[in-house]
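Residue numbers (full-length UniProt numbering): 1 to 189.
Next comes the structure, spelled out in structure tokens:
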């Protein structure tokens, strides 16, 4: 299933939760976001010690893109995290986003994380309602599943791919699909 086929319109939250491996490409076109959902900033931190691992803010003015620019690059992010992120027990995230002229009901994000092409973590988050033309802050705290030292060592070695798919649904309909790739470095003293 790709955004080129009409099958993406049938892709459900349950389908996303059943994925055991990363998708090939994006499952919906950029035009599926008919709600004008626009991410403004995103922060990831260790909830216990308040250490920020990642923070990004959308520029006030977006640079002009060349005519041949691959727009799918806007849905792909590459993270570089320290080992302490993989070993973190509780992560806190903050996502600030705008909504367009239509109300957003039952906004659900399904996030699937893979290592070596296999599912290792999965989360589902929900916001019941966002008013039209509003700016919203979606905060989440969640425990990371404990991992054996050998697995952490293997992940941090960067010898195998670490990646994720993030699916966004409004009233059960897929409206956005983003992907991420992860690399790690050892920050032990």
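In this text, a Cβ means the ideal position worked out from N, Cα and C, and glycines have one as well.
Keep in mind it's a predicted model, so treat the numbers as computed, not measured.
>> Just to check my reading of the structure: residue 108 and residue 37 have Cβ atoms closer than 8 Å, yes? What is that Cβ distance to the nearest angstrom?
In response: Not quite, the Cβ-Cβ distance comes to about 12 Å (not below 8 Å), so this is no contact.
> Can you name, in chain order, every residue of its own chain whose Cβ lies under 6 Å from the Cβ of residue 106, other than the five neighbours on each side?
Replying inline: 171
> When you compare only the Cα positions, how much space is there between residue 15 and residue 142?
Replying inline: 22 Å
>> Give me the DSSP bridge partner(s) of residue 57.
In response: 41
>> Can you tell me whether residue 163 is helix, strand or coil according to DSSP?
In response: strand
>> Which same chain residues end up closer than 6 Å to residue 11 when comparing Cβ atoms and leaving out the 5 residues on each side of it in sequence?
In response: 27, 174
>> Rounding to the nearest angstrom, what Cα-Cα distance links residue 178 and residue 76 in this structure?
In response: 6 Å
> CB of residue 21 to nearest heavy atom of the ligand MN: below 7 Å?
Replying inline: Within the structure as shown, the ligand MN is missing, as the structure has no ligands at all.
>> With DSSP as the reference, identify every bridge partner of residue 94, one or two as the case may be.
In response: 43, 139
>> Just list the residues that DSSP pairs residue 75 with in beta bridges.
In response: Answer is none; residue 75 lacks a bridge partner.
> How should residue 35 be labelled, buried or exposed, when 16 other C-beta atoms within 10 angstroms of its C-beta is the threshold for buried?
Replying inline: buried
> Are the region 157-170 and the region 112-124 touching by the rule of at least three beta carbon pairs closer than 8 Å?
Replying inline: yes
>> Using the three-state DSSP reduction, which class does residue 134 fall into: helix, strand or coil?
In response: coil
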